[in-house]
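Just so you know, the protein sequences line up as chains A and B, in that order.
The first sequence lines up with residues 1 to 216 when you count with full-length UniProt numbering.
The second sequence lines up with residues 1 to 804 when you count with full-length UniProt numbering.
Where a beta carbon is used, it is the ideal one built from N, C-alpha and C, also for glycine.
From a predicted model like this one, the values you see are computed outputs, not experimental measurements.
The structure appears below as structure tokens.
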Amino acid sequence: MSSRKKVMLKNKNSDYKLKVIILGDSGVGKTSLMNQYVNKKFSASYKATIGADFLTKEVLVDDRLVTMQIWDTAGQERFQSLGVAFYRGADCCVLVYDVNNQKSFETLESWRDEFLVQASPRDADSFPFVVIGNKIDVDDGKRQVPQKRAMTFCQANGNLPYFETSAKEAINVEQAFEVIARNALAQEEAEEYTGDFGSSTIVDIGVGSEREGCAC
Amino acid sequence: MPDEYTPPASPTASYYDLSDDDEDYSTITHTSTGRGVKLLYTKSKVYVHPTPSAKDNIPGFIALIQQKPPPSENTSSAPPGTVDPAQLLLAWLPESALGSAYDTYVKVDLLDTSSTPKQTYLVPPPPVSSGTSSLGSYSFSVPVSQIYSLLVRPPSLGWWWGSIVINSRGGDSFPALFFHDSECASTIAQGRARTAKTFDPFGESGELFWGGDEVLRWLKRYVKVERSEVEKSVYLINPSSDDLLSFGQKPVIDAMAAKRNAEAGSSRNSAVAVMDPFTKAIKTARWTLLEQFARVTQFSRQTANNLMDNPNLPPQVRKLLRNPDVITLQDDFDSARLYLARWAMGIAEQSEKERSQIVWKREDIMEMEDSAVGEFEILDIEAGNLRIDGDRRKLVELKEWDSWWNKTTGRLEITVDEVKERIFHGGCDQAVRKEAWPFLLEVYPWDSTKDERAALMNSRRDEYVRLKGSWWDDLSRREGQGEAGEYWRDQKNRIEKDVHRTDRNIAIFAGEDTPHPDPDSQYSTIGTNVHLEQMKDMLLTYNEYNTTLGYVQGMSDLLAPIYAVFQDDAMAFWAFVGFMERMERNFLRDQSGMRAQLVALNQLVMLMDPLLWKHLDKAESTNFFFFFRMILVWYKREFDWSDVLRLWEALWTNYLSGQFHLFIALAILERHRTVIMDHLEHFDEVLKYINELSGTIELNSTLVRAEALFYKFQRTVEASDRKNGFPSPGTPQPMVRLTHRRSESSSVSSPGFPAPAAGKGKAVDGPEITEPLRALLSREILRVEKKKDAQAEEGGKGKTPVRE
Chain A
1 MSSRKKVMLK NKNSDYKLKV IILGDSGVGK TSLMNQYVNK KFSASYKATI
51 GADFLTKEVL VDDRLVTMQI WDTAGQERFQ SLGVAFYRGA DCCVLVYDVN
101 NQKSFETLES WRDEFLVQAS PRDADSFPFV VIGNKIDVDD GKRQVPQKRA
151 MTFCQANGNL PYFETSAKEA INVEQAFEVI ARNALAQEEA EEYTGDFGSS
201 TIVDIGVGSE REGCAC
Chain B
1 MPDEYTPPAS PTASYYDLSD DDEDYSTITH TSTGRGVKLL YTKSKVYVHP
51 TPSAKDNIPG FIALIQQKPP PSENTSSAPP GTVDPAQLLL AWLPESALGS
101 AYDTYVKVDL LDTSSTPKQT YLVPPPPVSS GTSSLGSYSF SVPVSQIYSL
151 LVRPPSLGWW WGSIVINSRG GDSFPALFFH DSECASTIAQ GRARTAKTFD
201 PFGESGELFW GGDEVLRWLK RYVKVERSEV EKSVYLINPS SDDLLSFGQK
251 PVIDAMAAKR NAEAGSSRNS AVAVMDPFTK AIKTARWTLL EQFARVTQFS
301 RQTANNLMDN PNLPPQVRKL LRNPDVITLQ DDFDSARLYL ARWAMGIAEQ
351 SEKERSQIVW KREDIMEMED SAVGEFEILD IEAGNLRIDG DRRKLVELKE
401 WDSWWNKTTG RLEITVDEVK ERIFHGGCDQ AVRKEAWPFL LEVYPWDSTK
451 DERAALMNSR RDEYVRLKGS WWDDLSRREG QGEAGEYWRD QKNRIEKDVH
501 RTDRNIAIFA GEDTPHPDPD SQYSTIGTNV HLEQMKDMLL TYNEYNTTLG
551 YVQGMSDLLA PIYAVFQDDA MAFWAFVGFM ERMERNFLRD QSGMRAQLVA
601 LNQLVMLMDP LLWKHLDKAE STNFFFFFRM ILVWYKREFD WSDVLRLWEA
651 LWTNYLSGQF HLFIALAILE RHRTVIMDHL EHFDEVLKYI NELSGTIELN
701 STLVRAEALF YKFQRTVEAS DRKNGFPSPG TPQPMVRLTH RRSESSSVSS
751 PGFPAPAAGK GKAVDGPEIT EPLRALLSRE ILRVEKKKDA QAEEGGKGKT
801 PVRE
């Protein structure tokens, strides 16, 4: 099923279409990060995201042209149950918190678990997550989560890549997404290599040949 | 005697503009002070069926009545010798309302109708009705000049009674009138006479002779009656050339459609030739059908398996899933996880359920491929007609609003429906909003006096202050360390975060010149303004009023326009409470309200536009998630500020449906159906496209289109009910479940009877009107049922509702 999805996501201009999901508490800056990365813009007047939306961006990863489809979702827990509609087929999940908000950091683990439940990737242990601590532009006195603590968390959870960013000042955003793209691509390739032997062989055979047809 | 009517200098558009409702009232008011009106023709035992139960049927008379022309009006509008259609009234009166005039009606019923009446019979003028039929009494009369069309359905096998529905030029439908021919003395007599004369009990076109024919015959003596070429059951009254073009000689809008129509036409004539491709089509349908069913079952089984058996499932989650009773006691995210699991299961179940009790059968959709092409062109024309009637879509200004209220008592002097009709079609001027919104949002009862409202508002103000005080003065919550304090501060943070990003482009919310009252707030360095602070207070206070919901994103979007219009916190608060009565289901923890609406939308699209639905289904988009935002906050993010105000007040009227917002969704979808069907093939593409419509949708045409779609929906349901042998209720009957299918009627060949509503030509089995669909006919709003103990909790402030 998931490999069928991948094929459909193929874009004629680029080699791969990578699906990235941004998760995290309401107000940590998910929409801002996405907009800074894709449109190089920051607006102080974003509205709370309702439902879900995505932006796409074409990037070169090691000489390969990939299209990233970055999904931005509503941050309130109550709406997360909607995720099932668009988590499927994700290649990377970005967990965002606000370094000035302790609670948004504490919920990261739950966001991670929740993603795994809904997206149900083949191998949960190897699925790529990237953690971002946003809003480092806010003055130091307000910071609630020390860098060290965040890094300890990322190490303990399977050496997750960790970035501290400011979507407002465009600090580290590009760098974070470069890693996101790279890891997503690796995930995509790993999945293709492993193949999908587990289920629905009929569908996969048909789709597999279709994929080969358009890959060249 | 003219059987074929030669039209007088045909009434121009400006004439219709002149003869709006007010003037017609005055005409009848005039005659009612005089001697009465002429009863030209009448027919007895014409029933209104207000409910599905036969015992509720109301017997009455349909009558064609001539009233005196209004004295002051220019009499030159109709040439001598003819009757101005504005003078003619088509009326229905229950037997019980006739009083002493009953005998006259019986007498006129039995007169020979083969010619124009020779003698004048006077009866009391019938009551005037403004159109809608939901006002208790079903009697009505409508000037013939105001009739746009008649929907005529002769009796057929499986449906004993023929019926007529009158559609006014204003777009109103009157209750369906059922002709109980077997009880009607005149119809029995006329039928007998016919048989005696021609030995043919059938009418001219080979159809059974029935009462409705007579009504058409009466009208033909005075006005032009044209049967629509496109929809055979529609008869247009004094149609304009545009009407004729659209309903009669269908213009060749596109060559393909014309070709298909021609093909459909020719295949109808040669039934044998049809058989083979038909069977072939069915065979292909079966294949797709099986294939798709297989995919669905696989999907849902997989979802369930993934949840229960996935080795990667975190152990806590598995535990939660196994012990559903324990879950509510878990902390925030554990219960959130349960909800999402439930949601996921619910979706899977729902989609399976939907497929087993779909609106259309898949074969039916296949069958429609050829015939449905012209449908939406007809809709365009209908929408065009709705748009034309000028005055109804005029803004309600303060002067007009004030004229509806008694100067001294402040009591409403016209019907609530009339007010709602005006607001629904015209919208409120800025100055009227402050006056009208408290009624629309149930702060004030419509039947109150000025003094009663003042008293009510005083107590509401006190109550607002009390509710606000319950957190404002509660230091244990504002500063305390306990659970209640934690919850309250969490709520405050959520609210603050959203208020600071709600409608900041609107002048009153823009300023940041006031220092933030709370130095610990993340906004303390930015500054705030008094209106933002009021918004925060109101949302926090709403938690005191509704102690179970908690703040949910989107609520600040709902409050902002209300507050901006009133700029009075207590009034805005209670208006918001009224709005939340109907919006609360959007914010429920289990998302059941949102899901129900998305399901209803899914079924609505399937019923109204099966081909588009089929395309969306192929694109894995029938979850309709791309309408989530639009439905959650009623298009707040799609339209600009002033359009949102206009749209919301129209929706608040419940004028046509308590869920008219779903028809807005359908209208938006229909507007873009070609692009969607030609270019969008996957869920992400559909979602992106719909999301990006934000800021591009033209409101007025959308409202008109939604209204046209509603009428079309109503007709479709009626047609389906009729096909099922189910009486068409004159007023909406929510939540009636149809269980029996109508196979018996489709298996019997019935020459001469009209084809089912949807299929132009080929026999398509009718749609299934599901509960969610039927509920769309109701003008009631759907409120969240309050548990008893939730009410009892009132006053138990500081209660911690179930956490997210």
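Residues of chain A with a Cβ closer than 7 Å to the Cβ of F424 (chain B) do not exist, since the nearest Cβ in that chain sits about 26 Å away. Under the three-state reduction of DSSP, E229 (chain B) is assigned to coil, being neither helix nor strand. Within its own chain, the residues whose Cβ lies closer than 7 Å to the Cβ of C184 (chain B), once the five positions on either side in sequence are excluded, are K43, S44, K45, G211, listed in chain order. Three or more pairs of CB atoms, one per stretch, sit closer than 8 Å, so the segment 490 to 508 of chain B contacts the segment 37 to 53 of chain A.
With fewer than 16 neighbouring CB atoms inside 10 Å of its own CB, V530 (chain B) falls in the exposed class. Look at D498 (chain B): its C-beta is under 7 Å from a C-beta on chain A. A direct Cα-to-Cα measurement between M630 (chain B) and T113 (chain B) gives close to 56 Å.
Using a Cβ distance threshold of 7 Å, I65 (chain B) and L39 (chain B) count as a contacting pair.
Bounds of the beta strand (DSSP E) holding C93 (chain A) are 92 to 98. Of all C-beta pairs linking the segment 22 to 29 of chain A to the segment 596 to 612 of chain B, fewer than three are shorter than 8 Å, placing the two stretches out of contact. Neighbours of V784 (chain B) in chain A, taken as residues whose beta carbon is under 8 Å from its own, are absent, since the nearest beta carbon is some 15 Å off. Here T187 (chain B) is buried. Its C-beta has 16 or more other C-beta atoms within 10 Å.
Between L467 (chain B) and T541 (chain B), the gap from beta carbon to beta carbon is short of 7 Å. In the three-state DSSP reduction, S694 (chain B) falls in the coil class, being neither helix nor strand. Counting other Cβ atoms within 10 Å of its Cβ, V717 (chain B) reaches 16 or more and is therefore classed as buried.
When C-alpha distances from F579 (chain B) are compared across B:A665, B:R489, B:V784, the shortest belongs to B:V784. In the three-state scheme derived from DSSP, where H, G and I count as helix and E and B as strand, D451 (chain B) is classed as helix. Separation of the CB atoms of A150 (chain A) and F105 (chain A) is rounded to 7 Å, and the pair is thereby assigned contact status at 8 Å. In this structure L656 (chain B) is not in contact with L699 (chain B), their Cβ atoms being roughly 17 Å apart against a cut-off of 8 Å.
Residues are counted here when their Cβ sits less than 7 Å from a Cβ of chain B; for the segment 131 to 146 of chain A the count is zero. Chain B places a beta carbon closer than 7 Å to that of I50 (chain A), counting this residue as a contact. If you ignore the 5 residues before and after D181 (chain B), its C-beta comes within less than 6 Å of the C-beta of T187, W210, G211, all in its own chain and listed in chain order. Check the Cα spacing between D25 (chain A) and each of A:Y97, A:Y87, A:V38, A:M34: the tightest is with A:Y97. Between the alpha carbons of S592 (chain B) and V599 (chain B) lies a gap of roughly 10 Å.
If you look at Y162 (chain A), you'll find it in the beta strand (DSSP E) that goes 162 to 164. Residues of chain B with a Cβ closer than 7 Å to the Cβ of G27 (chain A) are, in chain order, K497. Scanning B:F683, B:Y635, B:D640 for the CA closest to the CA of A665 (chain B) turns up B:Y635. Listed in chain order, the positions of the segment 618 to 650 of chain B with a beta carbon within less than 9 Å of a beta carbon of chain A are N623, F625, F626, F627, F628, R629, M630, L632, V633, K636, R637.
Under the DSSP assignment, R153 (chain B) falls in the beta strand (DSSP E) whose first and last residues are 147 to 153. Considering only beta carbons, the part of the segment 516 to 541 of chain B lying closer than 9 Å to chain A consists of Q522, T525, I526, in chain order.
The continuous alpha helix (DSSP H) containing N602 (chain B) extends over residues 592 to 608. Taking a contact as a CB-CB distance under 8 Å, the pair V130 (chain A) and N172 (chain A) does not count as one, their CB atoms being some 12 Å apart.
By the Cβ-count criterion, W488 (chain B) is buried, with 16 or more other Cβ atoms from all chains shown falling within 10 Å of its own Cβ.
Here DSSP, grouped into helix, strand and coil, assigns Q69 (chain A) to strand.
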